[in-house]
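**Student:**
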């Protein structure tokens with residue numbers, strides 16, 4: 001059996017049993033899904049893989065939160081401890097903060113809101129965009145919901161509350177802009193990296209050692225998360241064993257009754273005694289959960305279950321034992337609060353623990369570096385960040401990425417911050433604001449997910465807001481108190497990055513709306529061609545555009561200036577869906593532009609924000625194969641529809657057989673001819689046409705709009721990667737078509 005006969009047999013089996021009525025065919029009038037409609041099953045990871053990922057996550061996710069015992073008590077009591085009962089109050093605050101936010105909120109609640117295995121605030125935003133139409137770019141299509149990874153596992157029940165909230169979000173432009181801008185701010189929050197330098201060295205040497213360490217750390221990122229995780233996981237695992245063992249030693253030696261601090265009564269007494277000072281000290285307590293957001297942001301590098309295992313079985317118990325041990329030590333050594341960790345180490349273990357502590361402190365920034373790469377990758381797909389190169393460092397785990405430009409930017413930022421602030425206290429103040437802000441924003445988005453998507457009982461939503469939401473807002477108010485002591489850094493960094501992201505997204509949306517308003521309908525394509533004395537050239541031409549609905553205006557501009565068309569022309573729209581991954585089998589949507597003898601097709605290539613654009617398989621080859629599959633699939637639809645229509649008007653078995661033979665011969669001839677044309681065009685060669693749109697502010701635009709479009713955006717465009725580099729289009733077969741857009 002030949003390949004074509006096999007494909008035809010498969011298609012007939014797919015169509016068997018389906019009623020191809022007028023309603024069924026009408027659904028495919030806009031864009032038809034190419035022939036491969038095989039459901040994509042989620043493959044469960046083996047336990048050996050999960051445990052390996054859990055081990056690697058220790059080195060990537062928990063470096064920051066794991067090294068907090070080095071300085072938390074010192075930041076809670078910067079002026080020393082007045083009463084022993086204050087130690088119990090602070091310990092109780094630390095215990096319930098770690099239990100409530102990293103463990104209960106992130107491990108058991110927020111991780112459930114992952115987007116097909118990917119986390120971070122952009123993942124929450126994409127979930128909301130899929131459920132309600134809050135995206136600002138009108139590129140949605142009914143066929144998007146057919147993608148297997150697009151579908152949400154929603155409860156069967158529908159609530160008035162969820163529907164009402166959804167309609168309010170969809171009808172409010174302010175809500176749409178607010179959600180997008182709030183999501184952009186996440187990027188700035190992860191930019192508040194601490195200098196990973198040990199606090200026991202002399203200040204001047206510490207600064208330059210810290211700078212050298214930071215440079216080496218960022219240079220190491222190019223080797224990928226897997227290699228970084230394996231290397232760092234061994235160090236962090238040893239670190240957690242050390243701090244847990246030292247904690248048990250101190251509890252037994254100094255105060256076995258320290259466990260009484262788990263009674264929340266000590267928190268109430270602590271605030272009664274210290275009032276405003278207790279509230280200010282919350283800025284130190286929050287340092288015990290720095291890096292908690294990495295549990296969600298980095299989940300795409302690993303898996304939900306691996307994060308849950310490593311947190312519950314390793315990190316959480318080790319941290320609690322460490323803080324209990326330090327508090328027990330302070331109960332007998334109240335004057336050593338400024339250097340609690342190192343003073344509490346048994347003398348015989350001091351140098352081994354010191355060495356591991358230095359290495360662990362160096363690793364502490366890894367969680368946020370990896371999280372930043374994930375967030376940038378997601379923001380790129382949503383049109384919220386200028387084009388940068390995304391390198392996938394693992395063939396096994398799709399979420400493990402490295403972004404050279406962002407890596408260099410973070411390295412430069414960290415070095416500048418280290419040389420400018422010079423003390424860990426100011427850096428901690430800046431970092432605290434960034435950490436708590438991201439946590440509050442995550443809670444806001446999570447409440448929307450709980451109400452609209454999960455349809456959680458309103459009682460549980462209220463409990464979440466009253467307990468976790470209130471605690472986070474109190475912490476936010478406390479860290480904002482130290483705004484002038486380094487807290488202004490994340491705000492300044494946020495404003496700078498958000499300005500860049502907003503400018504890029506603003507012009508991106510303006511360009512899309514311009515193309516949408518000036519698009520060429522399929523019916524006008526023939527008119528545009530007939531008006532010019534054009535010639536057909538052998539070969540396959542691919543026109544790239546971001547426009548999903550219709551043909552971009554740059555095509556008419558091209559035909560008017562170059563009256564020659566290739567034998568097969570495909571308009572490719574590269575579209576990002578608000579999901580992490582689109583299966584290759586469901587990536588392509590095609591439609592044929594009439595009349596058929598033009599051999600003009602429209603194609604939407606759909607990617608998720610974590611999909612790889614530069615596949616090992618050539619994109620042009622994949623597109624040609626999918627185009628042929630579409631022609632076969634479409635011919636089968638046409639044949640069955642024709643049979644249905646003609647048989648309904650003609651009765652009699654002999655007549656039916658004659659009609660079937662006639663239809664099958666016509667459709668088969670047409671299909672084979674079209675496939676032959678595509679194959680011949682592909683064999684001759686593929687030419688890639690890339691639109692090079694120069695954008696300028698339209699006449700009558702205000703000063704702000706002219707500055708944003710004519711200067712800021714065009715500066716970014718000139719100095720960043722072009723689409724041809726991002727999509728790895730071969731330069732020898734690429735032609736750029738220029739056109740000016742007045743926005």
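Residue numbers (UniProt numbering): 1 to 743.
C-beta atoms are modelled at their ideal positions from N, C-alpha and C, and glycine is treated no differently.
Owing to the predicted nature of the structure, the values given are computational and were not obtained by experimental measurement.
Only counting the same chain, and skipping five residues up and downstream in sequence, which positions put a Cβ closer than 6 Å to that of residue 324?
**Tutor:** Closer than 6 Å at the Cβ level, and outside the excluded window around residue 324, lie 247, 251, 258.
**Student:** Whole angstroms are fine: how far does the CA of residue 77 sit from the CA of residue 117?
**Tutor:** Their Cα atoms are separated by approximately 40 Å.
**Student:** Whose CA, out of 411, 461, 452, 481, lies closest to the CA of residue 432?
**Tutor:** For residue 432, the nearest C-alpha among the options comes from 481.
**Student:** What's the gap between the Cα of residue 69 and the Cα of residue 95?
**Tutor:** Computed Cα separation, rounded: 12 Å.
**Student:** Alpha carbon to alpha carbon, how far is residue 356 from residue 287?
**Tutor:** Their backbone Cα atoms lie some 20 Å apart in a straight line.
**Student:** Pull up the distance between the alpha-carbon of residue 273 and that of residue 289, whole angstroms please.
**Tutor:** Cα to Cα, residue 273 sits roughly 25 Å from residue 289.
**Student:** State the start and end residues of the unbroken alpha helix (DSSP H) segment that holds residue 450.
**Tutor:** Residue 450 -> no alpha helix (DSSP H), and no H or E assigned at all.
**Student:** What would DSSP say about residue 655, mapped onto helix, strand or coil?
**Tutor:** Only weak support exists for where residue 655 lies, its pLDDT of 49 falling under 50; the value from the coordinates is given anyway. Three-state result, residue 655: helix.
**Student:** Should the region 500-516 be called in touch with the region 464-481, which here means at least 3 C-beta pairs below 8 Å?
**Tutor:** With a cut-off of 8 Å, the region 464-481 and the region 500-516 do not count as touching, because too few Cβ pairs lie within range.
**Student:** For residue 541, which beta-bridge partners are listed by DSSP?
**Tutor:** 569, 687, per the DSSP bridge assignment.
**Student:** Identify whether residue 697 lies in helix, strand or coil by the three-state DSSP scheme.
**Tutor:** If DSSP states are grouped into helix, strand and coil, residue 697 belongs with coil.
**Student:** Among 128, 711, 671, 687, which one has its Cα closest to the Cα of residue 696?
**Tutor:** Of the listed residues, the one whose Cα sits closest to residue 696 is 711.
**Student:** Does DSSP put residue 731 in a helix, a strand or coil?
**Tutor:** DSSP places residue 731 in helix when its eight states are reduced to three.
**Student:** State the Cα-Cα distance for the pair residue 607 and residue 704, rounded to the nearest angstrom.
**Tutor:** Each residue's Cα considered, the two are about 34 Å apart.
**Student:** Once the 5 residues before and after residue 343 are set aside, which same chain residues still bring their CB inside 8 Å of it?
**Tutor:** The answer, listed in chain order, is 329, 333, 336.
**Student:** Residue 67 and residue 360 - do their beta-carbons sit closer together than 8 Å?
**Tutor:** Their beta carbons are under 8 Å apart, which means residue 360 touches residue 67 by this criterion.
**Student:** If I follow the unbroken alpha helix (DSSP H) through residue 129, where does it start and stop?
**Tutor:** Taken as a continuous stretch (DSSP letters only), the alpha helix (DSSP H) holding residue 129 covers 121-131.
**Student:** By Cβ distance, which residues of its chain are closer than 7 Å to residue 510, with the 5 residues on each side in sequence left out?
**Tutor:** Cβ within range, chain order: 743.
**Student:** Across which residues does DSSP place residue 551 in a beta bridge pair?
**Tutor:** Its beta-bridge partners are 520.
**Student:** Rounded to the nearest angstrom, what separates residue 591 and residue 598 at their Cα positions?
**Tutor:** Approximately 13 Å between the Cα atoms of the pair.
**Student:** Give me, in chain order, the residues of the same chain whose beta-carbon lies closer than 8 Å to that of residue 503; leave out the 5 immediate sequence neighbours on both sides.
**Tutor:** Within the same chain, residue 503 has close Cβ partners 708, 712, 713, 716.
**Student:** Should residue 105 go down as buried or exposed, given a rule of 16 or more other Cβ atoms within 10 Å for buried?
**Tutor:** It counts as buried.
**Student:** So, helix, strand or coil for residue 740, using DSSP?
**Tutor:** In the structure shown, residue 740 sits in a strand (DSSP, three-state: E or B).
**Student:** What does the alpha-carbon distance come out to for the pair residue 182 and residue 441?
**Tutor:** For residue 182, the predicted structure reports a pLDDT of 49, less than 50, and the residue's modelled location is therefore unreliable. The matter cannot be settled from this model.
**Student:** Within the chosen definition, does the region 538-545 reach the region 667-675 through at least 3 CB pairs nearer than 8 Å?
**Tutor:** Taking 8 Å as the limit for Cβ pairs, the verdict is that the region 667-675 does not touch the region 538-545.
**Student:** Looking at the structure shown, is residue 482 part of a helix, part of a strand, or coil, going by DSSP?
**Tutor:** Of the three classes helix, strand and coil, the one that applies to residue 482 here is coil, per DSSP.
**Student:** Nearest-angstrom Cα distance between residue 744 and residue 409?
**Tutor:** In the structure displayed, the chain extends from 1 to 743; residue 744 sits before or after that span and is not available.
**Student:** For residue 698, which option in 56, 679, 740 has the closest C-alpha, if you only look at C-alpha atoms?
**Tutor:** For residue 698, the nearest C-alpha among the options comes from 740.
**Student:** Quick one: Cα of residue 279 to Cα of residue 71, how far?
**Tutor:** Taking the straight line from one Cα to the other gives about 18 Å.
**Student:** Over the uninterrupted alpha helix (DSSP H) stretch that includes residue 73, give me the two end residues.
**Tutor:** Where residue 73 is concerned, the enclosing alpha helix (DSSP H) stretches over 72-76.
**Student:** Of the choices 437, 107, 236, whose alpha-carbon is the least far from that of residue 298?
**Tutor:** The residue with the shortest Cα to Cα distance from residue 298 is 107.
**Student:** Per DSSP, which residues does residue 756 bridge with? Please list them.
**Tutor:** With the chain covering only 1 through 743, there is no way to say anything about residue 756.
**Student:** State the beta-bridge partners of residue 588 as determined by DSSP.
**Tutor:** DSSP output for residue 588 lists 605 as bridge partner(s).
**Student:** State the start and end residues of the unbroken alpha helix (DSSP H) segment that holds residue 342.
**Tutor:** Counting along the chain, the alpha helix (DSSP H) containing residue 342 begins and ends at 340-343.
**Student:** Just checking my contact of residue 558 with residue 737 at CB under 8 Å: how many whole Å lie between their CB atoms?
**Tutor:** Their Cβ separation, rounded to whole angstroms, is 5 Å, which keeps residue 558 and residue 737 in contact under 8 Å.
**Student:** When you compare the region 558-569 with the region 580-589, are there three or more beta-carbon pairs, one atom per stretch, that lie closer than 8 Å?
**Tutor:** The answer is no - the region 580-589 does not touch the region 558-569, with fewer than three Cβ pairs under 8 Å.
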